[in-house]
Amino acid sequence: MQLHNTLSGRKEDFAPLNPERVTMYVCGPTVYSFAHIGNARPAVVFDVLARVLRRRYPRVDYTRNITDIDDKINTAAAKEGVAIKVITERYTDIYHEDLDALGVARPTYEPKVTEHLAHIISMVERLIAVGAAYAAEGHVLFNVTSYAGYGELSKRDRREMIAGARVEVAPYKKDPGDFVLWKPSTPDQPGWESPWGRGRPGWHIECSAMAEALLGDTIDIHGGGHDLVFPHHENERAQSTAAHDGKTFARYWLHNGFLTMDSEKMSKSVGNVLLIREILKAAPGEAVRLALLTGHYRQPLDWNDEALADARRKLDRLYGALRDAGDVAASDAKAPDAFIAALEDDINTPAALAELFELARALNKASDAAEKAALVAQIKDAGALLGLLQQNPGEWFSQSSGTASEGPSEAEIEAALAARIAAKTAKDYKEADRIRDDLKARGVLVEDSKDGQRWRRL
RNA sequence: GGCUCGAUGGCAGAGUGGUGAUGCAGGGGACUGCAAAUCCCCGUACGUCGGUUCAAUUCCGGCUCGAGCCUCCA
1292 MQLHNTLSGR KEDFAPLNPE RVTMYVCGPT VYSFAHIGNA RPAVVFDVLA
1342 RVLRRRYPRV DYTRNITDID DKINTAAAKE GVAIKVITER YTDIYHEDLD
1392 ALGVARPTYE PKVTEHLAHI ISMVERLIAV GAAYAAEGHV LFNVTSYAGY
1442 GELSKRDRRE MIAGARVEVA PYKKDPGDFV LWKPSTPDQP GWESPWGRGR
1492 PGWHIECSAM AEALLGDTID IHGGGHDLVF PHHENERAQS TAAHDGKTFA
1542 RYWLHNGFLT MDSEKMSKSV GNVLLIREIL KAAPGEAVRL ALLTGHYRQP
1592 LDWNDEALAD ARRKLDRLYG ALRDAGDVAA SDAKAPDAFI AALEDDINTP
1642 AALAELFELA RALNKASDAA EKAALVAQIK DAGALLGLLQ QNPGEWFSQS
1692 SGTASEGPSE AEIEAALAAR IAAKTAKDYK EADRIRDDLK ARGVLVEDSK
1742 DGQRWRRL
């Protein structure tokens, strides 16, 4: 298997440190608001990676954290006049619901920062002990000059960064690039007791501490959105390496490209944020998932209505092939080598999808029952690796477009189809066509197959 | 300003130093009462200017354009 490593800037052969236990850490959400479609991309991409790894390795410990201590959460809680727990639990549940709809499996571990305060404090103490961090005015800061490798991941020169810095440098910092590990809380802010007084952790130390607690000092794969390379992952790397006596923190760094809206970054300031749950009102979760896998994960992906409609039509074709195969009992055939090879080549989902369509065409052409059974099994096994094609074709074609869409009920459709078959039997094609046109106008496409009429929602 | 990554046909999107993936859309045909679905066939592409090479969309360089990071951010 090959994976593109941000640290080296090239594709590398992947070999886990311990083949009996592959470890993977992906930065999860800060739960203070609804998740948008951009947040869904890493969740889906690394879900696919976990599935591919699990096919080859017996145990994959995948950790995706929930950041439930953060100043944005504090702001949201203060605004509503509730405890931060009210906010974080609400949006954690929503996050789970959204990802469930996209077929994203839960990670092995889903740690929360609030459950790891002791670990975070201990890590900060160790960093001070080894001289990589220092306390100043209630804060604890990581000294970037203590780590020679600082800047390697994001390919940045510290001196240039200072020149381009847009923020004012706090006077207690030894170096302008030093970042906060622990900061003091005022009495009205959420805080936890620590050797440096009541306060709360900085953002970067959380992930380092949770990765250490659950996966150990060195992890195989660390993933996240491309925007996290700097400063978040650069800082994590510096902290963890310093705390672990120079041991490698993450062996492979993977970053997914950004999702744009009409070629522009999705952000609240631009006002083009598209929430996962808004999209799910008008489209099935599986189509959203496929749309996210249409491009290679490292490439930017432009989100628009056409991309989603395209994904739905693709699923129509794939599920159509499965439906037309009829009731053949799937054999125990597995996804073909070319499909696996595509996914093991740095998660090349577009190439893998092309293989899937080749299988669908073969299935559409097949007449032999054994051949059909093998192809159905191959398509389903391949689909499972992508997290697709696991429902019955009938369910796919009869489901509504999304949580908010409407249309005639199945009973109404069945009644209309009965009337149409009667008209057809009487060779009253004018009436049969009228019924078909009427249903189409209401969002239901009727097709005549050799097995009789069938329908699907548009 | 610094850094990173891109630029493929009507659209989306892989890939490759020399036979133009895949899906959608389009044209033709088969099938169908007509459609739809399916199958077969077809078309149009590698930003620009140079270089290397027998041969470049594929390697190298300049340019132009685009996305992202340098501040919270997937």
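Going left to right, the first sequence walks through residues 1292 to 1749 as the working numbering numbers them. We treat Cβ as the ideally placed atom computed from N, Cα and C, and that holds for glycine. The model shown is predicted, which means the values in this text are computed figures rather than measured ones.
The segment 1566 to 1633 is shown to contain whole beta strand (DSSP E) runs of 3 or more residues at 1592 to 1594, in chain order. Between Gly1482 and Gly1493 the beta-carbon gap is near 13 Å, outside 8 Å, which marks them as no contact. The three-state reading of DSSP puts Ser1413 in helix, counting H, G and I together.
Three or more Cβ pairs drawn from the segment 1303 to 1317 and the segment 1501 to 1511 lie within less than 8 Å of each other, which places the two stretches in contact. Checking the DSSP bridge columns, you'll see Asp1352 partnered with Thr1314.
Around His1535, the same chain offers Asp1508 as residues with beta carbons nearer than 6 Å, after the five sequence neighbours per side are excluded. By alpha-carbon distance to Ser1531, the top candidate from Ala1502, Asp1384, His1546, Glu1635 is Ala1502. Taking a 10 Å sphere around the C-beta of Gly1743, we find fewer than 16 other C-beta atoms and assign the residue as exposed.
In the DSSP assignment, Glu1662 falls within the alpha helix (DSSP H) that extends over 1660 to 1677. If you draw a 10 Å sphere on the C-beta of Arg1727, you find 16 or more other C-beta atoms in it, and that means buried. Leu1393 is a Cβ neighbour of Val1579, given a cutoff of 8 Å.
Counting along the chain, the unbroken alpha helix (DSSP H) around Lys1363 starts and ends at 1362 to 1371. When secondary structure is reduced to three states using DSSP, Ile1638 falls in the coil class, being assigned neither helix nor strand. Here Glu1401 is near Arg1355, since their CB atoms are less than 8 Å apart. Check the Cα spacing between Leu1606 and each of Arg1589, Ala1651, Ala1657, Glu1569: the tightest is with Ala1651. Annotation for Gln1480: no beta strand (DSSP E) segment contains it, and DSSP assigns it neither H nor E. Here the C-alpha atom of Gly1576 lies approximately 18 Å from the C-alpha atom of Leu1644. By a beta-carbon distance limit of 8 Å, His1546 does not contact Gly1586. Their separation comes to about 14 Å. A contact between stretches requires three or more CB pairs, one per stretch, nearer than 8 Å, and the segment 1364 to 1377 fails this requirement with the segment 1335 to 1345. Scanning Ala1573, Gly1562, Asp1553 for the CA closest to the CA of Pro1591 turns up Asp1553.
In the DSSP annotation of this structure, the continuous segment of the beta strand (DSSP E) that includes Gly1490 starts and ends at 1490 to 1492.
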